[in-house]
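Going by our numbering, the first residue of the sequence shown is number 42, and it counts up by one from there. Idealized CB from N, CA, C, for every residue including glycine.
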Amino acid sequence: MGARLAAPRQTSLAWAGRKTFPETLPTYDPTCYLCPRNERAGGVFNSDYAGTYVFNNDFASLLPDAPEEDASASSHPLLVSAPEQGKCLVVCFSPRHDLTLPELELPVIENVLNTWTNESAKLAELDYIKYVQVFENKGAMMGCSNPHPHSQLWSQSQLPNEIVKELATQTEYFNKNNSPLLVDYIKEEHKQKDRILFSNDHFTALVPFWAVWPFEVLVSAHRASASLKELSSVEISALAEVFKQVTTRYDNLFEISFPYSMGFHQAPADGQPHPEWTLHAHFYPPLLRSATVRKFMVGYEMLAMPQRDITPEVATERLRLLSDIHYKQH
């Protein structure tokens, strides 16, 4: 059982009402609230931006001012409510309405990574922030309400559940082995080779041994690194290459703009050293056998444990055999 965090804006998220996006998008959409110069909620106009564009989420789920305690919760220990502070940002990848990550040139992807890095660092410096989550929901299937390529950063005053679990696991392994868990795991995967999708000198993308989603991918640094801020410019370039390789193969799998949820897991922003932590990103795509057949967690999978529809090795081989040139450029 866990505490319920009181976020102030949980029911005010924007939703465009679309179930699918058009297959062909214009380079600029005058009705899109993320395109340059267009109006957003509250009469705010976007700048005429040429690179990435960052702004405070107009429908933020977390705000700097902590909400009041939930008076409806009793004092019983099984009913715990805690106020939650935070700040939420939106990051548009570029002014182009029609270009997702795999279609961007490497320098543009590097710019996106640098923006995530800089904005994460600024959020982590706020005295009430303990964690910063960078994530992208791509595609209407994953709940994205606008096709203009963008991502979000949510920062909060308490550690989210997944980070609590990863912190405990990595700390336990480090204390026992005096070595970071993911660094050792990546080394072992390179010995076995059959789940490696792509790698360079600094990062590896693979379908993890424990993958739940059919084409799930883990991207991990090769060295202990607590956050994006710790990466060198060379490592940022290497990470951009990996991201382009992964997302291009995703799109090429069914020759569509492949949906997924992607997020970086950084160490807690608590001012403490985290030698146990290795910066990594998770890609969770829903598609299984075609552009329209998706995996659902139901029945046994929801109530007991997930079951694999295909093995990680089969998923890796299918992705690895695909071209690293985007299907639209053939």
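_Assuming the contact rule is C-beta atoms closer than 8 Å, P136 and Y90 should be a hit. Round their C-beta distance to whole Å, please._
Locating residue 136 in the sequence shown gives position 95, counting from the first residue. Locating residue 90 in the sequence shown gives position 49, counting from the first residue. Sure, about 6 Å apart at Cβ, within 8 Å.
*Under a Cβ-count criterion, where at least 16 other Cβ atoms within 10 Å of its own Cβ denotes burial, should Y94 be classed as buried or exposed?*
For the purposes of this step, residue 94 is taken as residue 53 along the sequence shown, with counting starting at 1. Buried.
_Measuring CB atoms only, is the region 157-174 touching the region 187-204, in the sense that at least three cross pairs come out at less than 8 Å?_
Taking 8 Å as the limit for Cβ pairs, the verdict is that the region 187-204 does touch the region 157-174.
*Ordered along the chain, which non-local residues of its own chain (more than five positions away) have a Cβ less than 8 Å from that of H189?*
Position 148 of the sequence shown, counted from the start, is the residue given in the question as residue 189. The residues are D70, C73, L75, C76, C133 and H138.
*Could you check if Q126 is buried or exposed, using at least 16 other CB atoms within 10 Å of its CB as the buried criterion?*
Reading the sequence shown from its first residue, position 85 is the one you call residue 126. By the Cβ-count criterion, Q126 is buried, with 16 or more other Cβ atoms from all chains shown falling within 10 Å of its own Cβ.
*Nearest-angstrom Cβ-Cβ length linking T357 and D235, presumed shorter than 8 Å*: As a position in the sequence shown, residue 357 is number 316, starting the count at 1. As a position in the sequence shown, residue 235 is number 194, starting the count at 1. A Cβ-Cβ distance of about 7 Å is found for the pair T357 and D235, placing them in contact under the 8 Å criterion.
*Terminal residues of the beta strand (DSSP E) in which Q197 lies*: Position 156 of the sequence shown holds residue 197. Looking at the DSSP string, the run of the beta strand (DSSP E) that includes Q197 is H191 to Q197.
*Per DSSP, what kind of secondary structure is A322 in: helix, strand or coil?*
Locating residue 322 in the sequence shown gives position 281, where the first residue counts as 1. A322 falls in the strand class under three-state DSSP.
*Whose C-beta lies closer than 6 Å to the C-beta of P305 among residues of the same chain, with five residues either side of it excluded?*
As a working note, residue 305 is residue 264 in the sequence shown. Before going on, a small fix: residue 305 reads as Phe here, not Pro. Counting only Cβ-Cβ distances below 6 Å, and skipping sequence neighbours, we find V175 and A322.
*Assuming P353 contacts A252 under a Cβ cut-off of 8 Å, what Cβ separation, rounded to an integer in Å, is found between them?*
One-based indexing of the sequence shown puts residue 353 at position 312. One-based indexing of the sequence shown puts residue 252 at position 211. 5 Å between Cβ atoms; contact.
*State the DSSP-derived secondary structure class of F100, mapped to helix, strand or coil.*
Sequence index remark: in the sequence shown, residue 100 carries index 59 (1-based). F100: coil per DSSP, three-state reduction.
*For K179, which of helix, strand or coil comes out of DSSP?*
Reading the sequence shown from its first residue, position 138 is the one you call residue 179. Strand, per DSSP.
_Residues in the same chain with beta-carbon distance under 7 Å from T52, minus the five sequence neighbours each way, listed in chain order, please._
In the sequence shown, counting from the first residue as 1, residue 52 sits at position 11. The pLDDT assigned to T52 is 44, lower than 50, so where the model puts this residue is not dependable; a value taken from the coordinates is nonetheless given after this. Result list for T52: empty, nothing under 7 Å.
*Touching or not, the region 205-225 and the region 263-277, by the rule of three or more beta carbon pairs under 8 Å?*
As far as the Cβ criterion goes, the region 205-225 touches the region 263-277, which means the pair count is three or higher.
*Could I get the ranges of all uninterrupted alpha helix (DSSP H) runs contained in the region 139-164, with 4 residues as the minimum, in chain order?*
Counting only runs of 4 or more, we get nothing.
*Determine the burial state of A82: buried for a count of at least 16 other Cβ atoms within 10 Å of its Cβ, exposed for fewer.*
For the purposes of this step, residue 82 is identified with residue 41 of the sequence shown, where counting begins at 1. Its Cβ having fewer than 16 others within 10 Å, A82 is exposed.
*Can you give the beta carbon distance from L269 to T158, rounded, assuming they're within the 8 Å contact cut?*
Along the sequence shown, one-based indexing puts residue 269 at 228. Along the sequence shown, one-based indexing puts residue 158 at 117. About 4 Å; that satisfies the 8 Å criterion.
*Enumerate in chain order the residues of its own chain whose CB-to-CB distance from G84 is below 6 Å, with the five nearest sequence positions on each side excluded.*
In the sequence shown, counting from the first residue as 1, residue 84 sits at position 43. No residues qualify anywhere along the chain.
_Please state whether the Cβ-Cβ distance between A281 and L360 is less than 9 Å._
Stepping through the sequence shown from its first residue, residue 281 is reached at position 240. Stepping through the sequence shown from its first residue, residue 360 is reached at position 319. One thing to note: A281 has its Cβ no nearer than 9 Å to the Cβ of L360.
_Less than 9 Å between the C-beta atoms of T293 and Y214, yes or no?_
Against the sequence shown, residue 293 aligns to sequence position 252. Against the sequence shown, residue 214 aligns to sequence position 173. Checking the displayed sequence, the identity of residue 293 turns out to be Asn instead of Thr. Pairing N293 with Y214 gives a Cβ-Cβ distance that is not under 9 Å.
*Cβ-based neighbour list, K232, same chain, cut-off 6 Å, excluding 5 preceding and 5 following*: Here residue 232 is taken as the residue at index 191 of the sequence shown, counted from 1. When the five nearest sequence neighbours on each side are left out, no beta carbon in the same chain lies closer than 6 Å to the beta carbon of K232.
*Contact check, H243 vs E276 under 8 Å by CB: the rounded distance?*
Residue 243 sits at position 202 when you count from the first residue of the sequence shown. Residue 276 sits at position 235 when you count from the first residue of the sequence shown. Confirmed, about 5 Å.
*Who are the Cβ neighbours of I150 in its own chain at under 7 Å, not counting the five residues just before and after it?*
The residue given as residue 150 occupies position 109 in the sequence shown. Cβ neighbours of I150 beyond the five flanking positions: L142, A281, F284 and K285.
*asked:* Rounding to the nearest angstrom, what Cα-Cα distance links L272 and L238 in this structure?
replied: Mapped onto the sequence shown, residue 272 falls at position 231. Mapped onto the sequence shown, residue 238 falls at position 197. Rounded to the nearest angstrom, the two C-alpha atoms are 22 Å apart.
*Under a three-way DSSP split, which group does A55 fall into?*
In the sequence shown, residue 55 corresponds to position 14, counting from 1. Its pLDDT being 46, under 50, A55 is placed unreliably in this model, and the value from its coordinates should be taken loosely. Correct three-state label for A55: coil.
_Contact check, L66 vs K128, beta carbons under 9 Å_ = Here residue 66 corresponds to residue number 25 of the sequence shown, with the count starting at 1. Here residue 128 corresponds to residue number 87 of the sequence shown, with the count starting at 1. No, Cβ-Cβ distance for L66 and K128 is not below 9 Å.
*Cα-Cα, which of V121, P249, P255 and N152 is closest to A332?*
The count along the sequence shown starts at 1 and reaches residue 332 at position 291. Shortest Cα-Cα distance from A332 to any of V121, P249, P255 and N152 involves P255.
*When the Cα atoms are used, what is the spatial distance from T68 to N79?*
Here the question's residue 68 lines up with position 27 in the sequence shown. Here the question's residue 79 lines up with position 38 in the sequence shown. Straight through space, the alpha carbons of N79 and T68 are spaced by roughly 14 Å.
*Would you mind reading off the limits of the beta strand (DSSP E) that contains H315?*
Counting from one through the sequence shown, the residue named residue 315 turns up at place 274. Annotation: H315 is outside any beta strand (DSSP E) and is labelled neither H nor E by DSSP.
*Under the rule that 16 or more other beta-carbon atoms within 10 Å means buried, what is P118, buried or exposed?*
Position 77 of the sequence shown, counted from the first residue, corresponds to residue 118. Classification of P118: exposed, given that the 10 Å Cβ count is below 16.
*Among T289, S122 and S274, which residue has its Cα nearest to the Cα of L145?*
The residue given as residue 145 occupies position 104 in the sequence shown. Per the Cα distances, T289.
_Element boundaries [beta strand (DSSP E), containing Y301]_ = For the purposes of this step, residue 301 is taken as the residue at position 260 of the sequence shown. Per DSSP, Y301 belongs to the beta strand (DSSP E) from Y301 to H306.
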